[in-house]
Structures are given as C-alpha cells and as structure tokens.
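Going by this note's numbering, the sequence shown runs without a break in its numbering and finishes at 147.
Encoded as structure tokens, the structure appears first; notes follow it.
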Amino acid sequence: MDIRNCKECGKLFQYDGISKLCYQCRRRDDEDFKKVKEYVYDHPGANITIVSEETEVSEDKILRYLREGKLEIVGESPGLVLDCERCGKAIRTGRYCEECSREIERGLKSGFDRFAKKREKFREKDKMYITEIKKKR
Ligand SMILES: [Zn+2]
Ligand SMILES: [Zn+2]
C-alpha cells in the first residue's frame, strides 16, 4: 500500500498511482474545474482574475488546468492568456506553442536523427565522389 501526503491539504491518503490529491481534494478539484470550465464557456472574453473571483477558484489552479490541457481558451480571450514556457508566445492550452512542441518532439527524436545523419553523410560522400568524376570529364 502506498501512503502519501495530499499535495493540496497535506493529509495522508492511499496513493492510486494517478492523482497526487486525496479523495476529498480530488472531488473538490473536479468541482472547481467544472465551475471554471462552465464560466469560461459562458464568458468567452473573461479575464483570468475575473474568472477566479467569480468561481472562487484560485488563479494558480485555473492556470494549472490550462497547463494540464484540461481547459482550453475558447474564442478570443485577450484577458485569459497563457504563454508558451519556451518562447513566451500566447497559447490556448498546454505548456508550449505548436512550433515549440514540434521542436521539442524533434529534440526527443534527435537520437534517431543523429543516426540518420550519419547515414546521410555516407550518402553525401558518394554524391561528392560522383560529382567529382563528372567534373573531371
Ligand atoms: Zn487533500
Ligand atoms: Zn513556443
């Protein structure tokens, strides 16, 4: 049995391998999330401060929902902005903008890329060899 401290209230609870919150906090978290989600959908241009005040859910929590990709900024919401953790560009959900997530994905694959490049180099050598022969003619 895995007993841990709840990240929200610090109480001990049985960890299920999924949530870092105890049962009560998780339930409250779900309710908060629902409230925020409904409010944001009903008030598409709402500022995060207003959303927080109206729903009584902390801004940190709302930002967390956005970062987790649970909540998405709908429509044009100039007040409710989230920025890419890498380049600072405004995004609607998650942690990174499309470009950065693509680049990060590419970075993860760089191990494979290096291998592919090595093979490419061999091929380039062949090409060079061929062009040199052509030049000599
Ligand atoms: Zn708790
Ligand atoms: Zn970015």
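Every residue gets a Cβ at the ideal spot worked out from N, C-alpha and C, and that includes glycine.
Identify which residue in the options has its Cα closest to the Cα of residue i.
i      : options                       : result
SER111 : ARG96, TYR75, VAL46           : ARG96
ASP39  : SER68, LYS21, GLY98, LEU92    : SER68
GLU64  : ARG77, ARG74, GLU48, GLU78    : GLU48
LYS44  : GLU82, CYS94, LYS17           : GLU82
LYS71  : ASP52, GLU41, LYS99           : GLU41
GLU18  : CYS32, ASP26, GLU66           : CYS32
ILE58  : THR103, TYR51, LEU73          : LEU73
ASP12  : GLY20, LYS21, TYR25           : TYR25
VAL46  : SER62, ALA100, SER29, GLU108  : SER62
GLY104 : LYS80, CYS16, ILE28           : LYS80
VAL50  : ARG102, ARG116, ILE114, CYS35 : ARG102
For the alpha helix (DSSP H) holding residue i, just list the boundary residues, first then last.
i     : result
LEU22 : Where LEU22 is concerned, there is no enclosing alpha helix (DSSP H), although the beta strand (DSSP E) it sits in stretches over 22-24.
ILE72 : 69-77
ILE60 : 58-65
GLU82 : GLU82 -> no alpha helix (DSSP H), and no H or E assigned at all.
ASP40 : 33-52
Using 8 angstroms for Cβ pairs, my map puts residue i next to residue j. What's the rounded Cβ distance?
i     : j     : result
LEU76 : LEU92 : 5 angstroms
Can you tell me where the beta strand (DSSP E) holding residue i begins and where it ends?
i     : result
ILE13 : 13-15
Are any of the Cβ atoms in chain D nearer than 8 angstroms to that of residue i?
i      : result
GLY117 : Within the model displayed, chain D is absent; a lone protein chain is all it includes.
key: Complete alpha helix (DSSP H) runs within the region 96-123 (minimum length 4 residues, chain order)   = 108-118
request  = Report all residues for which the CB-ligand distance to some heavy atom of ligand 1 is below 6 angstroms; order them along the chain.
outcome  = CYS16, GLU18, CYS19, LYS21, LEU31, CYS32, GLN34, CYS35
request  = Using the beta-carbon of each residue, find all residues closer than 6 angstroms to any heavy atom of ligand 2 and list them in chain order.
outcome  = CYS94, ARG96, CYS97, LYS99, TYR106, CYS107, GLU109, CYS110
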